[in-house]
Amino acid sequence: MSANSATPITNRLAGKVALITGGASGIGETTARLFVRHGAKVLIADVQDELGHSVCKDVGFESISYIHCDVRNESDVEKAVDLAVSKYGKLDIMFNNAGISGNMVSQILESENEDFKRVLDVNVFGAFLGAKHAARVMIPAKKGTILFTSSMASVLAGDIPHSYAASKHAVVGMAKNLSVELGQYGIRVNCVSPFAAATPMLRKAMGEMEKNKVEDVVSSCANLKGAVLEPEDIAEAALYLVSDESKYCYLKSDVKVKLEGKVALITGGANGIGEATARLFVRHGAKVLIVDVQDELGHSVCKDIGSESIFYIHCDVTNEYDVEKAIDMVVSKVLDINIFGAFLGAKHAARVMIPAKKGSILFTSSIASVMADDVSHAYVASKHVVVGMVKKLSVELDSME
0 MSANSATPIT NRLAGKVALI TGGASGIGET TARLFVRHGA KVLIADVQDE LGHSVCKDVG
60 FESISYIHCD VRNESDVEKA VDLAVSKYGK LDIMFNNAGI SGNMVSQILE SENEDFKRVL
120 DVNVFGAFLG AKHAARVMIP AKKGTILFTS SMASVLAGDI PHSYAASKHA VVGMAKNLSV
180 ELGQYGIRVN CVSPFAAATP MLRKAMGEME KNKVEDVVSS CANLKGAVLE PEDIAEAALY
240 LVSDESKYCY LKSDVKVKLE GKVALITGGA NGIGEATARL FVRHGAKVLI VDVQDELGHS
300 VCKDIGSESI FYIHCDVTNE YDVEKAIDMV VSKVLDINIF GAFLGAKHAA RVMIPAKKGS
360 ILFTSSIASV MADDVSHAYV ASKHVVVGMV KKLSVELDSM E
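Here the sequence shown stands for residues 0 to 400, numbered as in numbering that gives the first Met the number 0.
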């Protein structure tokens, strides 16, 4: 009997409401069908409208519905969460599953900057937005489960795109960090990191290869012989992690840090108490964005400190748009410097080291890449990305020696 036709012994998700991004095909679709069979009401969010509506029609509209959602767009994600609550009364499960592989280029010199950013936008920023808006409704309820789809690429290096490997390290980092923050509200956070399965995404990445041929290729690389990983297997893992059977499975850490890894925004930071506080925070390891209307003083403070840990932006705190822009810049700066800056450094170092057939590339990561704590999600995600790039580059560039 196949996984699709199996009758559940119990309704493990009876009374639960789930939102699944990327739910119109692949792992997301398979998981949505399984959740419904176990008694859940499911909202699938995707950009593949025709496929999404087809899944709902096939499963039955009384238990499943669809909404168009580009996970890179915060308003789309917000609307999806709000629809789940308005239609079904609550949100118990958020499965941040949407993802892309990007261009299947594994050499850093041939990697396109825009493709790198696009993969991180969907796989990392999209997952961040899903978790953010799920937390918005779960925190008041003091319960819920947030699940991410990561990949074996988050723990093993191989001949895969740097952008994909980096993004999946970031997802694991966010899961760890969120578990520390949200556990106090009774919200469990976990991720599944599957080996390759013959999903539409993987088949497309492999040149529209037939399903059985993809499975043959994947099986030849696997340690376990005689079994083929299928989307149904991954869906079963997701089912366990969101069910009450895993009520005490969550990622946690007991390590405490001070300001290392923290990101601070200080209004009125160009002089007086704000300036003094900004200087102190930088000395204690924080990244600081000072916002003020005194542009000359603000730039002067940054120049005097002379560190990549402090930045200035003009901001009138009576103007909501200025404040919103300042907050957005905090996340953007951290990701641009810590991730994209590291990527560009490695890319151009490799450009001159590969012909010489020698050299060393060193990155600064952080304890935040292995231990979760109450530090900024952007910083933690960025440092997991750095570790992922190191692993991936070591596979590619070691062969150049």
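Idealized CB from N, CA, C, for every residue including glycine.
Note that the coordinates shown come from a computational prediction; the quantities given were computed from them, not determined experimentally.
DSSP three-state assignment for residue i, whether helix, strand or coil
{"i": "glycine 340", "result": "helix"}
{"i": "lysine 40", "result": "strand"}
{"i": "valine 70", "result": "coil"}
{"i": "alanine 367", "result": "helix"}
{"i": "tyrosine 247", "result": "coil"}
{"i": "valine 287", "result": "strand"}
{"i": "valine 84", "result": "helix"}
{"i": "lysine 255", "result": "Any reading at lysine 255 is ruled out, since the residue's pLDDT is 38, under 50, leaving its predicted position unreliable."}
{"i": "arginine 486", "result": "Look at the range of the chain in this structure, 0 to 400, and you will see that residue 486 is not part of it."}
{"i": "serine 53", "result": "helix"}
{"i": "leucine 90", "result": "coil"}
{"i": "isoleucine 99", "result": "coil"}
{"i": "valine 46", "result": "coil"}
Classification of residue i by the beta-carbon crowding that lies within 10 angstroms, buried from 16 upward
{"i": "isoleucine 233", "result": "buried"}
{"i": "alanine 275", "result": "exposed"}
{"i": "asparagine 95", "result": "buried"}
{"i": "valine 154", "result": "exposed"}
{"i": "aspartate 291", "result": "buried"}
{"i": "valine 80", "result": "buried"}
{"i": "histidine 132", "result": "buried"}
{"i": "tyrosine 87", "result": "buried"}
{"i": "threonine 363", "result": "exposed"}
{"i": "glycine 271", "result": "exposed"}
{"i": "valine 254", "result": "Residue placement at valine 254 is poorly supported in this model, since its pLDDT is 37, which falls under 50; the coordinates still yield a value, given next. Valine 254 is exposed by the Cβ-count criterion."}
{"i": "asparagine 421", "result": "Coverage of the chain is limited to positions 0 through 400, which leaves residue 421 absent and any answer about it impossible."}
Beta-carbon gap between residue i and residue j smaller than 7 angstroms
{"i": "histidine 37", "j": "leucine 12", "result": "yes"}
{"i": "serine 166", "j": "valine 123", "result": "yes"}
{"i": "valine 35", "j": "isoleucine 63", "result": "yes"}
{"i": "serine 368", "j": "histidine 383", "result": "yes"}
{"i": "alanine 130", "j": "glycine 387", "result": "no"}
{"i": "valine 46", "j": "aspartate 69", "result": "yes"}
{"i": "valine 281", "j": "isoleucine 309", "result": "yes"}
{"i": "glycine 22", "j": "aspartate 91", "result": "no"}
{"i": "alanine 404", "j": "glycine 125", "result": "The first residue shown for the chain is 0 and the last is 400, placing residue 404 beyond what the model contains."}
{"i": "serine 149", "j": "valine 171", "result": "yes"}
{"i": "serine 381", "j": "asparagine 318", "result": "no"}
{"i": "methionine 93", "j": "isoleucine 138", "result": "no"}
{"i": "aspartate 114", "j": "asparagine 102", "result": "yes"}
{"i": "isoleucine 99", "j": "proline 230", "result": "no"}
Span separating the alpha-carbon of residue i from that of residue j
{"i": "glycine 59", "j": "leucine 128", "result": "28 angstroms"}
{"i": "serine 393", "j": "lysine 15", "result": "44 angstroms"}
{"i": "isoleucine 186", "j": "histidine 161", "result": "32 angstroms"}
{"i": "glycine 268", "j": "glycine 284", "result": "17 angstroms"}
{"i": "isoleucine 304", "j": "aspartate 158", "result": "41 angstroms"}
{"i": "valine 333", "j": "aspartate 57", "result": "44 angstroms"}
{"i": "serine 245", "j": "tyrosine 239", "result": "6 angstroms"}
{"i": "serine 85", "j": "alanine 341", "result": "43 angstroms"}
{"i": "histidine 52", "j": "tyrosine 378", "result": "38 angstroms"}
{"i": "leucine 296", "j": "proline 354", "result": "46 angstroms"}
{"i": "glutamate 28", "j": "glutamate 61", "result": "17 angstroms"}
{"i": "serine 178", "j": "arginine 135", "result": "15 angstroms"}
{"i": "aspartate 335", "j": "arginine 117", "result": "13 angstroms"}
{"i": "valine 191", "j": "glutamine 293", "result": "48 angstroms"}
The beta strand (DSSP E) enclosing residue i, as first and last residue numbers
{"i": "leucine 18", "result": "16 to 20"}
{"i": "tyrosine 311", "result": "309 to 313"}
{"i": "isoleucine 360", "result": "Looking at the DSSP string, isoleucine 360 is not in any beta strand (DSSP E), and its letter there is neither H nor E."}
{"i": "glycine 143", "result": "143 to 148"}
Range covered by the alpha helix (DSSP H) that runs through residue i
{"i": "methionine 388", "result": "376 to 397"}
{"i": "isoleucine 403", "result": "Nothing can be reported for residue 403: it is not among the residues displayed for the chain, which extend from 0 to 400."}
{"i": "glycine 157", "result": "Note, glycine 157: premise wrong, no alpha helix (DSSP H); not H, not E."}
{"i": "alanine 263", "result": "Looking at the DSSP string, alanine 263 is not in any alpha helix (DSSP H); the run it does join, the beta strand (DSSP E), is 262 to 266."}
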